[in-house]
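Here my numbering is used: the first residue of the sequence shown is 12, the next is one more, and so on.
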Amino acid sequence: MANVAVIGAQWGDEGKGKVVDWLASRADLVVRFQGGHNAGHTLVVGEQTYKLSLLPSGLVRGKMGIIGNGVVIDPEALLAEIARVTAQGLNVSPATLRIADNATLILPLHSAIDRARESARGERKIGTTGRGIGPAYEDKVARRAIRVADLAEPQTLSDKLDELLLHHNTLLAGLGAETFEKQGLLDRLLELAPLILPYAEPVWERLDEARRAGKRILFEGAQAVMLDVDHGTYPFVTSSNTVSATAASGSGMGPSSVGFVLGIAKAYTTRVGSGPFPTELFDETGKLLGARGHEFGTVTGRPRRCGWFDAVMVRQAVKVGGVQGLVLTKLDVLDGLPELQICVGYRIGGEIYRRFPAAPGAQAAAEPIYETIEGWRDSTRGARSWADLPAQAIKYVRRIEELVEAPVTLVSTSPERDDTILVRDPFEG
Ligand code: IMP
12 MANVAVIGAQ
22 WGDEGKGKVV
32 DWLASRADLV
42 VRFQGGHNAG
52 HTLVVGEQTY
62 KLSLLPSGLV
72 RGKMGIIGNG
82 VVIDPEALLA
92 EIARVTAQGL
102 NVSPATLRIA
112 DNATLILPLH
122 SAIDRARESA
132 RGERKIGTTG
142 RGIGPAYEDK
152 VARRAIRVAD
162 LAEPQTLSDK
172 LDELLLHHNT
182 LLAGLGAETF
192 EKQGLLDRLL
202 ELAPLILPYA
212 EPVWERLDEA
222 RRAGKRILFE
232 GAQAVMLDVD
242 HGTYPFVTSS
252 NTVSATAASG
262 SGMGPSSVGF
272 VLGIAKAYTT
282 RVGSGPFPTE
292 LFDETGKLLG
302 ARGHEFGTVT
312 GRPRRCGWFD
322 AVMVRQAVKV
332 GGVQGLVLTK
342 LDVLDGLPEL
352 QICVGYRIGG
362 EIYRRFPAAP
372 GAQAAAEPIY
382 ETIEGWRDST
392 RGARSWADLP
402 AQAIKYVRRI
412 EELVEAPVTL
422 VSTSPERDDT
432 ILVRDPFEG
């Protein structure tokens with residue numbers, strides 16, 4: 012028996028939702044371990060399309076969902092999402108969803124700070140989702156955050172709000188934004204408490220029991236390695252660690268419980284928000300990838316920037332993210348292109364690099380070095396075996412495998428769950 016962790020190997024939106032959904036049908040529990048409602052996972056199941064942000068995808072398959080301590084939870088967003096998917100027929104109740112009692116809460120002041128800071132940054136904005144993710148993680152590390160369990164203690168809430176407001180109102184006022192008043196926040200938290208607390212528990216105990224009983228646990232990553240706060244294109248990153256190691260610390264399990272690590276990558280590259288993107292295309296091909304791949308952010312609806320596959324970046328994501336098997340998605344978007352480019356290195360100030368540099372100046376200056384690969388004419392859409400793929404498409408996949416130094420475990424050829432070429436079962440380790 013092996014558990015499986017799924018993480019993004021680019022800048023997010025790699026199609027994790029479909030892969031997680033496919034794996035969730037074979038898991039017993041599905042665990043979110045970092046991020047918050049900045050994530051957007053689209054799951055197409057028959058006629059229904061589910062758009063999940065905070066809820067673990069396994070709920071769509073009737074599997075127990077766990078929101079781990081590493082997640083930042085906006086209680087309003089959580090309840091709204093529960094109401095939305097319940098209206099679509101899903102069963103979300105304390106019997107199917109558990110939330111870590113030591114997870115951090117996102118309050119309205121966090122999104123206010125997030126937005127105020129972004130507008131103050133002007134041209135240098137990060138392009139955050141504006142959901143308050145960064146400020147909530149900052150409060151957690153600064154040891155002043157309100158956590159889920161605090162909802163049961165009105166005095167704790169009151170004391171923590173005093174400390175939070177001292178900090179945040181000073182900042183908000185300095186940024187010229189509206190400040191918050193304590194009573195309104197406290198009243199709302201006390202109203203939310205009986206709606207959230209029934210879901211709360213020390214989830215590490217449940218996970219430990221599940222592990223000992225030999226249950227299959229699926230860890231569902233959000234965002235992606237190149238948005239990791241340490242390993243990504245800092246400062247154009249999210250505020251959590253998105254690498255597979257976080258599956259352990261963000262859920263309350265040891266690293267040996269994480270199991271097989273699957274990294275998801277698109278057959279090309281996309282990015283939302285600002286920041287370096289060496290293989291970005293500003294021409295007709297870029298537009299074509301965006302149109303064919305329906306490249307609009309699930310959470311914000313922003314058009315995604317599109318470009319060629321960057322093997323340097325994905326190789327780095329494989330290494331720092333601990334990826335053992337790669338899932339390649341949206342291969343069909345490349346159908347019919349006469350030639351494809353894969354980035355195999357960067358030229359920076361006359362030197363050649365085989366890794367993504369850490370300093371922002373070097374990141375912005377990175378010029379891609381391309382290898383050209385002949386495209387394929389026939390459709391790969393809906394392919395379910397290697398035999399269904401044109402020879403050139405197989406060559407493309409094999410070359411990526413070689414360059415990123417990870418075996419391809421799955422190839423996804425349409426948004427439909429079953430349009431997948433399975434090379435190796437991740438649950439078999
Ligand atoms: P934040 O996570 O809202 O602070 O945003 C920081 C950066 O991460 C921005 O560039 C966002 O566009 C990006 N980001 C956050 N969540 C996602 C996601 O789920 N997919 C893709 N990009 C994301």
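Glycine included, every Cβ here is placed at the ideal spot set by N, Cα and C. All values derive from a computational prediction rather than experimental measurement.
With which residues is T280 paired in a DSSP beta bridge? G318
Quick check: the segment 67 to 83 against the segment 45 to 57, are at least 3 beta-carbon pairs closer than 8 Å? yes
Along the chain, where does the alpha helix (DSSP H) containing P205 start, and where does it finish? K193 to I207
Which residues in the same chain have their Cβ closer than 6 Å to the Cβ of T115, if we skip the five residues on either side of it in sequence? Only residues of its own chain outside the window of five on either side were considered, and among them V83, A147, K151, A156 and R158 have a CB closer than 6 Å to the CB of T115, listed in chain order.
Span of the beta strand (DSSP E) holding G138? It is not in any beta strand (DSSP E) - G138 carries neither H nor E in the DSSP assignment.
Roughly how many angstroms lie between the CA atoms of D321 and T280, to the nearest whole one? 7 Å
Report all residues from its chain with a CB closer than 7 Å to the CB of A259; omit the five preceding and five following residues, and keep chain order. G265, P266, S268 and V269
Within the present structure, is the beta-carbon of V236 separated from the nearest heavy atom of the ligand IMP by less than 6 Å? no
Which residue marks the beginning of the alpha helix (DSSP H) containing I411, and which one marks its end? A402 to V415
Report the residue from H179, L203, R132 and G138 whose alpha carbon sits nearest the alpha carbon of D161. L203
Just checking D294 against the ligand IMP - is the residue's beta carbon closer than 6 Å to any of the ligand's heavy atoms? no
Selected residue, minimal CA-CA separation from G372, among V254, S251, P289 and A221: P289
Are there 16 or more other CB atoms within 10 angstroms of the CB of S130, so buried, or fewer, so exposed? For S130, the number of other beta carbons within 10 angstroms of its own is below 16, and it is reported as exposed.
Measure the CB-CB distance between E427 and V419 and report whether it falls below 7 Å. no
DSSP three-state label for V325, please. helix
Is T340 buried or exposed, if buried means 16 or more other CB atoms sit within 10 Å of its CB? buried
For A13, the nearest candidate out of Q234, Y381 and I228 (CA to CA): I228
Distance, N252 Cα to P437 Cα: One C-alpha to the other measures close to 23 Å.
DSSP-derived helix/strand/coil call for H52: strand
Near R303, which residues of its chain fall below 6 Å by C-beta distance, leaving aside the five closest residues on each side in sequence? Excluding residues up to 5 positions away in sequence, V344 lie with their Cβ nearer than 6 Å to the Cβ of R303 in the same chain.
From the DSSP secondary-structure annotation, give me the bridge partner or partners of G274. The beta-bridge partner set that DSSP reports for G274 consists of I18 and L337.
Beta-carbon separation (whole angstroms), S423 vs V42, contact threshold 8 Å: With 8 Å as the limit, S423 and V42 do not qualify as a contact, their Cβ atoms being about 22 Å apart.
Beta-carbon spacing of V415, R326 below 7 Å: yes
What are the boundary residues of the beta strand (DSSP E) that includes Y148? Segment I144 to V152 is the alpha helix (DSSP H) holding Y148; no beta strand (DSSP E) there.
K171 to L177 span [Cα, whole Å]: 10 Å
List the residues that DSSP assigns as beta-bridge partners of F230. A16 and V42
On the DSSP bridge assignment, give the partners of K62 in chain order. T53
Looking only at its chain, what residues have a beta carbon closer than 6 Å to the beta carbon of E174, apart from the 5 residues adjacent to it on each side? If we look at E174 and ignore the five residues flanking it on each side, its Cβ neighbours are R155.
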